Amino acid sequence: CLSLSLSLCLCLSLSLSLSLSLSLSLSPSLSETLMDTRVATAELGWTAYPASGWEEVSGYDENLNTIRTYQVCNVFEPSQNNWLLTTFIDRRGAQRIYVEMRFTVRDCSSIPNVPGSCKETFNLYYYETDSVIATKGTAFWMEAPYLKVDTIAADESFSQVDFGGRLMKVNTEVRSFGPLSKNGFYLAFQDYGACMSLLSVRVFYKKCPSVVQNFAIFPETMTGAESTSLVIARGICIPNSEEVDVPIKLYCNGDGEWMVPIGSCTCKAGFETDNGNVCRACPPGTFKSTQGPGLCLQCPSNSRSATEAATICICRNGYYRGDMDQPDMPCTSVPSGPRNVISVVNETSVILEWHSPRETGGREDVVYNIVCKKCRADRRTCSHCDDNVEFVPRQLGLTETRVFISNLWAHTLYSFEIQAVNGVTNKSPYPAQHVSIDITTNQAAPSIVPIMHQVSSTMKSFTLSWPQPEQPNGIILDYELRFYEKDHSEINSTVVRSETNTARVEGLRAGMVYVVQVRARTVAGFGKYSGKMCFQTLTDDDYKSELREQLPLIAGSAAAGVVFIVSLVAISIVCSRKRVYTKEAVYSDKLQHYSTGRGSPGMKIYIDPFTYEDPNEAVREFAKEIDVSTVKIEEVIGAGEFGEVYKGRLKLPGKREIYVAIKTLKAGYVEKQRRDFLSEASIMGQFDHPNIIRLEGVVTKSRPVMIVTEFMENGALDSFLRQNDGQFTVIQLVGMMRGIAAGMKYLSEMNYVHRDLAARNILVNSNLVCKVSDFGLSRYLQDDTSDPSYTSSLGGKIPVRWTAPEAIAYRKFTSASDVWSYGIVMWEVMSFGERPYWDMSNQDVINAIEQDYRLPPPMDCPSALHQLMLDCWQKDRNARPRFTDIVNTLDKMIRNPASLKQVASIPAVPSQTLLDHSIPDFNTFSSVGEWLGAIKMTQYRDNFLNSGFTSLQLVAQITSEDLLRIGVTLGGHQKKILSNVTSMRVQMSQCQSPTAVA
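Residue numbers for the sequence shown, in mature numbering (1 follows the signal peptide of the UniProt record, and there is no 0): -17 to -1, 1 to 981.
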């Protein structure tokens, strides 16, 4: 005031004291104050330069509290440059700072005799620093370190006289600056010729408030460095809620407002919402089974919940929920037993009818099961009925109250148990409610003779043999054969009798085809004739050839009821080429398949057991029944699809005891599972080759049902190779592959397509002989499986990594597709059990193959072997080699080991081969241990570290002498480690080259 007129000084003081009663804030809804001069009770202590410039003075607010302000009014002196510097302000992590300034400015025109240098604006600056800088007595601002924020102008100035008697408005301006990165900053105000008063300064930053939205809690969040920045805040689900969409987040904008919600939480099962942001536990007597916005429900009938937050109501004693019942469905009970059973017996068949149970347990899914038992006449013991007993429409899961049962034994006491079951019967600890009835079958004729075999033939006769009927229903008195020439009518047939199950038919014409049928007779009469079979007498040329070969004749014994199936001497001809789906036609087809083929003379052709009208017949024909007393189970060695797999011993009469593998069928199976289980035995029983797993026999007449095969000491080939990584020479590996190829050659010549050739399905014995096994993929093509090696394709399960592209796309399974799979097996062998295509997904494998990419050669793989693999992987299946060619090629390699010396190289740019994953990129590893793990040498981790090789740079300099010193003595392991070390050196040199850097 000393430099101003009295009126000017009074005006400034008046405006100062009265204007403070006006309160106007432009701060956002939520902010954090770093400095506010309005709350200061002592001197602010800011630095002013020069001393004649800014002056700190006291005033009063509307509550008569003392406040500190700064004012300047050197308007009569030219060239003003007055600086005011605040104390150090800690930014507290904020990136953008806001400054709110409240000030008054004198209108230059209202000051008498004011020079032209009078101003009505001032400048705002800031200076960012990590520490407090001493400013007293220094010309800190003369070094010009400040960054200008803005020039501040007043919206309204005041004059000495205010016409109208009202006060002038106090100016409030807000400015922001950023981004900031240091610990704090100073503010500076520059006056260059104004008459003004800086009433208050508030420094703050904005933030979005803590909020609960979409059942998630979001914390207070600072705004970003720019006014347009969006800062992501992660949400945390409120108590008793769970995420629905991940991640849960909100965006905090520059004004401290939340926007763009993404994701949400919802109340857990057992908790409900009241349309707010609270998840409340379901009270006792209610439940909520799923996560989400739903409300708690009252417990359904026959159930209760005694605690809060129940997700399901527990059924009361004696009530249950079925496996497919929803939690909101009532609990139900088991049905009572069927009622009023009646039976009608007709020879060896019976019709059972009954009434529904009085109580269904509150369910509508009641069905009936029939338990059939065959009993001794004195009723002391009963056993389950044979598998050939037929139930129409079915034995289990009957929806009607009637069943027709046939193929029973004559003059036999049977006990039938009719069970009523529903969807919760299996939950009850008590047996299903049932009703039983005993019946005795009547006298009946024998059943049909299943098949005939031609034992020998001449120009005028042939000898036939056949098995006893499955159900003789008494003592067979004799057999009756009728036959006629194929081109003649059945009316012209001739009948002959035989007291045994072998007959010689004479008086025939040379080279003619005859239709033959046979039937058995007991005291009850004749059974039905068998299906029509066709047999041919020899021509003159055939007869001469037969005399030269002198093939043996094996006949059967009718008294023992046993038939020995022998190699057929003459050609059996199908009566008609037209396929008729009757039992007769099926037998004719099988006889043709059994005796003819494109292979060598007498070569058997594989018969699919699923073409049999009764698959049990295929088991009886191709698999030998073993007495369970000759099998001794010792230990579990695995688990199959149908049950446990055991190691055991087999001691057949007159033979030495041998070790065997025993597959078992778990208890509780249904008939379809039994047939599928035994189908593999029906397949194996047709094969006889040193490189095909040998079937010893089956046990079907006692429990558990078993398949007994030879025991392979070393197990599956893939795991065996992984356990012995690097332990075999190339010649040994080629020998293994040769054995597999020989087995597949045999199968292909029998017209059998394996469909699942892979190292996991090759078994290895103690002599390293490899044998093809696992003939069950036909099941995978029909049923579901959890095996990750298989994926769905066109309704079936396909082992994609081993399967040819045409088989995946069109299910074209042929011997050529088995050749493709064999190429993958070769790659598995040479890589010691590496997974084909590594960690690529099945879809990526399919896409890569479609683009003509192929697997690269494994480490140290001879180029000749990799070329054979590539030949097996030809896209055109007709261009692939046959197994005969593969065996010949491998034989040449074994005879000439020098051809295996040249190691296949990996191309620099993968064109026809996939990227080699066997040599890892050392740049992806942070330690020696990680690198050893990647090359499957983790067992040497401590050896490396204890010997001083603690970094990859040191490992890159290792030598073979170093490996011996630290304890790596196996040649294969040394070779593998040194090969990867060489690759590491190459990668290091590439990283250091100017080209690599560029």
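We put the CB at the ideal spot given by N, CA and C, even for glycine. Predicted model, so just to flag it, every value in this text is computed and none were measured.
Below 8 Å, enough C-beta pairs join the segment 236 to 249 and the segment 206 to 220 to call them touching: three or more. Within the DSSP secondary-structure output, Cys517 pairs in a beta bridge with Val498. Per DSSP, reduced to three states, the secondary structure at Ala799 is helical. Bridge partners of Ser398 according to DSSP: Lys356, Asp421. Under DSSP, Ile219 shares a beta bridge with Ile200.
Non-local C-beta neighbours of Ser476 in its own chain, meaning closer than 7 Å and more than five positions away in sequence, comprise Arg465, Phe466, Tyr467, ordered along the chain.
Listed in chain order, the non-local C-beta contacts of Gly275 below 6 Å within the same chain comprise Thr249, local neighbours out to five positions each way being set aside.
Between the segment 506 to 524 and the segment 426 to 441 there are three or more C-beta pairs closer than 8 Å, enough to call the two in contact. Cys753 carries a strand assignment under DSSP once its states are collapsed to helix, strand and coil. Taking the Cβ atoms as the reference, Val783 lies roughly 18 Å from Arg863, outside the contact range of under 8 Å. The Cβ atoms of Val261 and Gly246 do not sit closer than 8 Å to each other. In this structure, Ser448 sits near Asn484, with a CB-CB distance shorter than 8 Å.
Under the three-state reduction of DSSP output, Ala264 falls in the strand class.
Distances from the CA of Lys356 to each of Ser398, His394, Val375 were compared; the closest alpha carbon is that of Ser398. Residue burial is scored here from C-beta neighbours: Ser224 has at least 16 other C-beta atoms within 10 angstroms and is therefore classed as buried. The DSSP-derived three-state label of Met823 is coil. By DSSP's assignment, Ser142 forms no beta bridge with any residue. In this structure, Gln54 lies away from Gly176, with their beta-carbon atoms at least 8 Å apart.
Taking C-beta atoms under 8 Å as the contact rule, Asp859 and Val886 fail to qualify, at a distance of about 28 Å. DSSP places Trp241 within a strand segment (E or B) once states are collapsed to three. Ranking Leu648, Thr683, Leu67 by CA distance to the CA of Val611 puts Thr683 first. Beta-bridge analysis with DSSP links Lys410 to no other residue. Contact between Ile675 and Tyr729 is confirmed by a C-beta separation of about 6 Å, below the 8 Å threshold.
By a beta-carbon distance limit of 8 Å, Ser319 contacts Gln416. Their separation comes to about 5 Å. Put simply, of Met813, Gln957, Glu789 the residue whose alpha carbon is nearest the alpha carbon of Met720 is Met813. Annotation for Leu947: the continuous alpha helix (DSSP H) segment containing it runs 943 to 949. Ser286 and Ala293 have their alpha carbons spaced roughly 12 Å apart. Taking the CA atoms as reference points, Thr613 sits about 11 Å from Lys638.
For the options Val58, Asn57, Ser41, Ser943, the alpha carbon positioned closest to that of Ile50 is the one of Ser41. Sorting Tyr836, Lys634, His737, Gly344 by C-alpha distance to the C-alpha of Phe670 places His737 at the top. Between Ser756 and Ser798, the CB-CB gap reaches or exceeds 8 Å.
By the C-beta criterion, the segment 78 to 96 is judged to be in contact with the segment 171 to 186, since at least 3 inter-stretch pairs fall below 8 Å. Separation of the CB atoms of Gly380 and Val350 is rounded to 5 Å, and the pair is thereby assigned contact status at 8 Å. For Leu68, the enclosing beta strand (DSSP E) begins and ends at 65 to 68. For the pair Ser288 and Tyr302, the CB atoms are not nearer than the 8 Å cut-off. Beta-bridge partners of Gly207 (DSSP): none assigned.
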